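Numbering follows our numbering, with no gaps: position 9 of the sequence shown is 19.
See below for the structure under consideration.
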Amino acid sequence: MIDPWGSSIIDYDKLTEQFGIKPFTDVVDDIPHASKLMTRGIIFGQRDYNKITDALNNNKPFATMTGMMPSGKMHIGHKMVVDQLKWYQEKNADIYVSIADMEAYAARGISKEKSRELALNEYITNYIALGLDVTRDNFHLYLQSENDDVKNLAYIIGKKVTFNQMRSIYGFNNSTNIAHIYTPLLQVADILHPQLKKYGGPKPVIVPVGPDQDPHIRLTRDLASKFNEEYGFIEPSATFHRFMTGLTGEKMSSSKPKSAIYLTDSLKDAVKKVKSAKTGGRESLKEQKELGGMPDKCSIYELLVYHLIDDDKKLEEIRSKCLSGEILCGNCKGCASELITDMFEELDQKREEARKIANTLLK
């Protein structure tokens, strides 16, 4: 069982075997101008992505749906979702972003007011600073608590879900509060409502998520098929991206400050975190030169792959020199520090204007 509200490390191989997630390599060659997250294997799995490749290759309408449950500061791992939204926006997808304030209240006791404040000033501000265009007509941002289409659809689809099913999928028990039990139906409605007649009717929808969210995807696909006759719903597609390893070697998490680089960290703090991060280096300089480093176990190399270096040849050169012992961990930390500095200086320049734009939304 996968807990969508937990923070455990994911066994990707077991996940694909147990729950039937298909390899993204099955479809990546069919994608026009695939993104780096796709070609580098950071997006590792998919469900029914052929519907999206068909839309991409034949200029058919489709939508991209994501949600945020604002509960803490936005860290660099969250940037993966923004990068994917930007890529789909470039492909002319309708973009839907749900602020899951009802889920935040039910699962973590966060007030609606706090959710709104965090979403706009922390997340959406950074989304805009990172390059997402929220001024387009086909960009849709909403609070769950204020979207009647989502709330009404969640109520309707609940007719075809039993408590036994919810308990089997999510592990709910007799002590789970009813509001928490209801929140997966809101997520299903978030994902399906872009296919309502009001929003253009049935269309492929892609949901980029981490693998911990697969229970929601499976439930949504099941309910889409059950309501196909009534609404014409097409079962949504999904992609699954790897989680970033934290700077301390565990999963990067907003609740563990030492594990994450927050996008609102001072430049000094961000660079300090990079320089103190766990690497794939050997125990001694002598061993490193003789045996080489271990880039696949290195949080710094991962940072370069996920976010900081676009040039594949440059990455391969760094990897090769690490494996051969030609470069040491200090070299890579120096490189990452320079690139983080460039990123944060650009973000800082854009954030003030981004915040002004963010605060014009949800009026």
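Glycine is no exception: its CB is placed at the ideal position from the N, C-alpha and C atoms.
All of these numbers come straight from a predicted model, not from anything done at the bench.
| Asked | Found |
| --- | --- |
| Cβ-based burial, G181 [other Cβ within 10 Å; buried from 16] | exposed |
| Cα-Cα separation between I310 and F237, rounded to whole angstroms | 46 Å |
| Status (buried if at least 16 other CB within 10 Å, exposed otherwise) for L295 | exposed |
| Member of D40, Q56 and K61 whose CA lies at the smallest distance from the CA of K213 | K61 |
| Residue range of the beta strand (DSSP E) that includes Q56 | I53 to R57 |
| Residues near N341 in its chain [Cβ-Cβ closer than 6 Å; skip 5 each side] | none |
| 8 Å contact criterion, which L273 and L151 should meet: CB distance rounded | With 8 Å as the limit, L273 and L151 do not qualify as a contact, their Cβ atoms being about 18 Å apart. |
| K324 at chain B interface by Cβ criterion, 8 Å | No chain B is present in this structure, which holds just one protein chain. |
| Cβ-Cβ separation, M79 to Y133 (assumed contact under 8 Å), whole Å | Not really, about 10 Å apart at Cβ, beyond 8 Å. |
| Range of the contiguous beta strand (DSSP E) that encloses M75 | A73 to M78 |
| Whether L229 touches P194 by CB criterion (8 Å) | yes |
| Nearest candidate by alpha-carbon position, reference V38, set R118, F29, G87 and N67 | N67 |
| Proximity to G302 [Cα-Cα], best of G211, D158, K331 and L163 | K331 |
| Backbone CA spacing between K266 and G256 [nearest angstrom] | 9 Å |
| Straight-line gap, L372 to E127 (C-alpha atoms, nearest Å) | 11 Å |
| Environment of A189 [buried if 16+ CB atoms lie within 10 Å] | exposed |
| Rounded C-alpha distance that separates W15 from F173 | Only weak support is given to the placement of W15: the predicted model assigns it a pLDDT of 38, under 50, and the question is left unresolved by the model. |
| Cβ neighbour criterion (16 or more within 10 Å) applied to D36 | exposed |
| At least 3 beta-carbon pairs within less than 8 Å: the segment 98-113 vs the segment 235-249 | no |
| DSSP state of D143 mapped onto helix, strand, coil | coil |
| Cβ pair count under 8 Å reaching 3, the segment 116-125 against the segment 158-178 | no |
| Cβ-Cβ distance between A368 and N131 below 8 Å | yes |
| 8 Å CB neighbourhood of G168 in its chain, flanking five on each side removed | Y192 and L195 |
| Contacts around E355, its chain only, beta-carbon distance under 6 Å, and the 5 residues preceding and following it disregarded | none |
| Helix, strand or coil at Y241 according to DSSP, with G and I counted as helix | helix |
| Cα-Cα separation, D232 to E245 | 8 Å |
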